[in-house]
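See structure below.
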């Protein structure tokens, strides 16, 4: 890589975020155009299936609709930001008090902290985490998403 070359995209370093997901038609990176969150969430039909909305350096901005319980998991090498767009999300922790978030609130879960998100009945979340972060962290389950869908 020369000084004039752009830094490698996260998709060139990770398995589950592909170049097709990070790039728009014409080769532009995601995040160049504005995203209307209400419309974006309306387009998501499946719960606990994060969609790639944009990228900031090596971090992905993901949107997810959630309902019910997610799997207990932790991310050993990264923090994870949860911002509630609508609804209520309870983050359960094994080693500290649970935290309930409502629309407009966010929390950063430190790396290595075991947690389980619970949305009752439904919550819309914006997540910010390194692009290579798998949604279930160190846990494999039917909720694991190895590849992200891109917002349409």
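Residue numbers (the working numbering): 887 to 1038. All C-beta atoms, glycine included, are put in the ideal place defined by N, C-alpha and C.
Contact check for residue 967 and residue 1014: beta-carbon distance about 4 Å, within the 8 Å limit, so the pair qualifies. Under the DSSP assignment, residue 923 falls in the alpha helix (DSSP H) whose first and last residues are 923 to 929. Distances from the alpha-carbon of residue 1022 to those of 964, 922, 989 and 920 put 964 closest. The Cβ-Cβ distance between residue 972 and residue 1035 does not fall below 8 Å.
In chain order, 965 place their CB closer than 6 Å to the CB of residue 996, counting only its own chain and leaving out the 5 sequence neighbours on each side. Beyond the five residues adjoining it in sequence on each side, residue 1016 comes within less than 6 Å, by CB distance, of 944, 945 and 964 in the same chain, given in chain order. For residue 1001, the uninterrupted beta strand (DSSP E) segment begins and ends at 1001 to 1016.
In the structure shown, the three-state DSSP call for residue 1037 is coil. Residue 955 is bridged by DSSP to 1004.
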